[in-house]
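Working notes, beginning with the structure itself.
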Amino acid sequence: MPPPRGGRPGRGRAEIALSGVVGVDFDAETVSEAIAYFSGPICIRLNSGGGIASEGTAIHSVLSEYRGHKTILVQGIAASAASVIMMAGDRIEMSAGSTRV
Numbered sequence: 060m061p062p063p064r065g066g067r068p069g070r071g072r073a074e075i076a077l078s079g080v081v082g083v084d085f086d087a088e089t090v091s092e093a094i095a096y097f098s099g100p101i102c103i104r105l106n107s108g109g110g111i112a113s114e115g116t117a118i119h120s121v122l123s124e125y126r127g128h129k130t131i132l133v134q135g136i137a138a139s140a141a142s143v144i145m146m147a148g149d150r151i152e153m154s155a156g157s158t159r160v
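Encoded structure:
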């Protein structure tokens, strides 16, 4: 499983993209590894129809423990397990036309 893209500078904060099936295309371990090098604000770009529920809960826990400010930007869909991940954000934004289920 390839790690989420991380560390891309954007608007003065790190950006991590979580896209695809939760627990298949990304999981708690890869998210933890991606954010380990950061301490400041991060933006998590989320586009997922869901996946493995327990993995979504684990990712939520990893993100909740991150001490920096977290913005979750939904770009497309945040459904099922991805909607649980979304709730770990300090700020939640949704692109025009995005869906949360």
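Position in the sequence shown (from 1) plus 59 gives the number in the numbering used here.
Just so you know, even glycine gets a beta-carbon here, dropped at the ideal spot from N, CA and C.
Values in this document were obtained by computation on a predicted structure and should not be read as measured data.
If you draw a straight line from the Cα of Val-83 to the Cα of Ser-98, it comes to about 26 Å. For Val-81, the enclosing beta strand (DSSP E) begins and ends at 72 to 81. As a beta-bridge residue in DSSP terms, Ile-151 pairs with Ile-131.
Spanning the alpha carbons of Ala-138 and Cys-102 requires a straight line of approximately 19 Å. Going by DSSP, Gly-109 is part of the beta strand (DSSP E) stretching over 101 to 110.
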